[in-house]
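Read through the structure below, which is laid out as structure tokens, and then see the notes.
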């Protein structure tokens, strides 16, 4: 093998300019795959952290009653009934959670569940000293809600302690506060079903999700019951899990156990998550074209080497090199370029990911960030190397096979004529 | 088989396809003993080189047997024929066929490295000894491209002898050299082969070279005459 490697290296160095072009292409292809995956995965992970920190891993909402249908199974031929099977045909939903405390006690027995927060939700009119608009009230127990969200980390003005100690305090989304031109310490009036109540803005939060930040206000749950005239029950229970990736299976278990609709974050945010998957795949495919073009270049160069080295192949075969040795010599040329290209590509990917991560960029809408978010994931490096390996393998395999099939007698006969 | 380094019986070989298919060898039988030099002579296209490639296991006959080391290798599998070439047969071709990216020393070491019988230091020592023997001891580290035609052919002889083969096959080894170099290369090849008891079979058009061989086998139209 060492001899084959040495021969491969010498053949390669004889074509160093062409091979260098392929190597550069592979290096940049691998580097760009690493970079694009780091950025798209980084933003995706950041988005997931944002939605988990805002709306939790699972939301348990409306109670349902299964409507069943019974099927009779009859024996073939006799028509005699053998068995009856009951299946769920439909569901009848009842809005909200009527017994939040009981439901919560049940849910807290699930070992996967980290915390449960009872939420009472309703739509109100909000009025500041200068403007008015619509808002969505979320009545919460602050400490419970801090366990199932990152609300504490999302405060951008004012103080959470002020909210905790002030029964009439509210937490307001940043976009809504800007629209109403209010800041912590200002008063606003909330109106529901013709009844108006004055509250004081304790703090302003920013989740980065514009749809939330422009309408949502948090109240103590007791105050929200008074405002929304709902002394009992809750609109939903927000749940945090130890492992958010297990949300779909836990949601199914919850539905079976408590007969309430449980929606996991993967289903709730499917649209955005699918978009991220699409962008990751599109970026990988586009950048892979660089590697494919380099692979074509490598194929051409190796095919040329095979044509130029037919006499060498013949003499190697006459000296006792097998067809497998000849194939290995040409495969090794590809693998040498691949090895160096992948290492260089990883270095390019690493450096460019680091540089891009410090690029300032203001993102608002589905999350908030002031710089490009990247994910440092070893899988990206392995994936990029595998993509290059597939291309280089194909590009090397075809010329190798051709070289191995050459008949030494035919080459020598041809050279002697 | 005793006293024969190589023997073939009833070799038949066709070349070409369809209407262009011609019979190049017609039941040729031949043998060569150790320490002898046999010249195969004849006009172009009579089948000399084809016979040599068959004897060297570079090509397969359509019929017949090739015996080397007590085995019929005409129908053996590719792996066995390749291993036999490596261990028992040395080739010298008209056009040298040196690996141009390698030095003279490396060229001579390649078959030894493939065989793997010697340690690296022993391989290098043997390669140097062979290059000394062919008069190139001072040019061991020259790339093949920096050697003259005569020098390249001498490196090819050293390479052919690297694994101490029992058979040395040469296809017009002096065909591409001037008179002075032809005599030099031939004398060298014969001397080294005789010293080590190798059977030399060479194809040549040169009557002076043929006249100096132990045996001369003229060929015409695919048979010995």
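Residue numbers (the numbering used here), protein chains in the order written: chain A, 101 to 517; chain C, 489 to 713.
Think of the CB as a built atom: it goes at the ideal place given N, C-alpha and C, for glycine as much as any other residue.
Residues that residue i contacts on chain C, provided the C-beta gap is smaller than 8 Å
i             : result
residue 380/A : Residues of chain C passing the Cβ test: none, with the nearest at roughly 44 Å.
residue 108/A : Within 8 Å Cβ-Cβ: nothing; residue 108/A doesn't reach chain C, min ~11 Å.
residue 426/A : In chain order: nothing, as chain C lies at least about 10 Å away.
residue 111/A : 589
Residue i to residue j span [Cα, whole Å]
i             : j             : result
residue 423/A : residue 458/A : 52 Å
residue 653/C : residue 683/C : 12 Å
residue 590/C : residue 689/C : 28 Å
residue 324/A : residue 289/A : 13 Å
residue 303/A : residue 126/A : 52 Å
residue 497/C : residue 395/A : 50 Å
residue 121/A : residue 363/A : 52 Å
residue 507/A : residue 640/C : 24 Å
residue 342/A : residue 370/A : 21 Å
residue 673/C : residue 697/C : 11 Å
residue 476/A : residue 138/A : 6 Å
residue 503/C : residue 512/C : 7 Å
residue 519/C : residue 496/A : 43 Å
residue 279/A : residue 294/A : 23 Å
residue 685/C : residue 482/A : 57 Å
residue 703/C : residue 616/C : 32 Å
residue 358/A : residue 215/A : 17 Å
residue 246/A : residue 254/A : 11 Å
residue 299/A : residue 256/A : 19 Å
residue 383/A : residue 453/A : 15 Å
Cβ-heavy atom distance, residue i to the ligand COA, below 7 Å
i             : result
residue 108/A : In the structure on display, the ligand COA does not appear, and there are no ligands present to speak of.
Contact set between residue i and chain E, taken where Cβ atoms lie within less than 9 Å
i             : result
residue 420/A : Looking at the structure shown, chain E is missing, and the protein chains on hand are A and C.
Assigned secondary structure, residue i (DSSP; H/G/I helix, E/B strand, else coil)
i             : result
residue 180/A : coil
residue 345/A : helix
residue 471/A : strand
residue 555/C : strand
residue 128/A : helix
residue 532/C : coil
residue 353/A : helix
residue 464/A : coil
residue 617/C : helix
residue 281/A : coil
residue 332/A : coil
residue 450/A : helix
residue 629/C : coil
residue 509/A : helix
residue 144/A : helix
residue 224/A : strand
residue 513/C : strand
residue 574/C : helix
residue 115/A : coil
residue 659/C : strand
residue 692/C : coil
residue 262/A : helix
residue 109/A : helix
residue 525/C : strand
residue 296/A : strand
residue 409/A : coil
Own chain residues within Cβ distance below 8 Å of residue i, not counting five before or after
i             : result
residue 119/A : 112, 398, 401, 433, 437
residue 159/A : 336, 337, 338, 339, 362, 363, 368
residue 464/A : 308, 310
residue 366/A : 347, 348, 373
residue 637/C : 584, 664, 665, 669
residue 612/C : 593, 597
Beta-carbon neighbours of residue i, restricted to chain A and to distances below 8 Å
i             : result
residue 567/C : 422
residue 544/C : 418
residue 550/C : Here the premise fails: no neighbours, minimum Cβ distance about 13 Å.
Cβ-Cβ separation, residue j to residue i (assumed contact under 8 Å), whole Å
i             : j             : result
residue 313/A : residue 276/A : 7 Å
residue 272/A : residue 301/A : 5 Å
residue 549/C : residue 687/C : Residue 549/C to residue 687/C, Cβ: 19 Å. No contact.
Beta-carbon contacts of residue i that lie in its chain and below 6 Å, excluding the five residues immediately before and after
i             : result
residue 143/A : 473
residue 130/A : 442, 445, 484, 488
residue 380/A : 140
residue 504/A : 423, 426, 427
residue 403/A : 499
Chain-ordered chain A contacts of residue i [CB-CB under 7 Å]
i             : result
residue 518/C : Ordered by position in chain A, no residue passes the 7 Å Cβ test against residue 518/C, which lies about 17 Å from the chain.
residue 581/C : 512
Partner residues on chain A for residue i, Cβ-Cβ distance less than 9 Å
i             : result
residue 709/C : Within chain A, no residue comes near residue 709/C; the closest Cβ sits about 18 Å away, beyond 9 Å.
residue 585/C : 411, 412, 414, 415, 418, 512, 515
Beta-carbon proximity list for residue i, same chain, < 7 Å, skipping 5 on both sides
i             : result
residue 489/C : Because residue 489/C carries a pLDDT of 43, less than 50, the predicted location of this residue cannot be relied on, and the following value inherits that uncertainty. Excluding positions up to five away in sequence, the list reads 495, 555, 558.
residue 162/A : 193, 194, 195, 196, 360, 361
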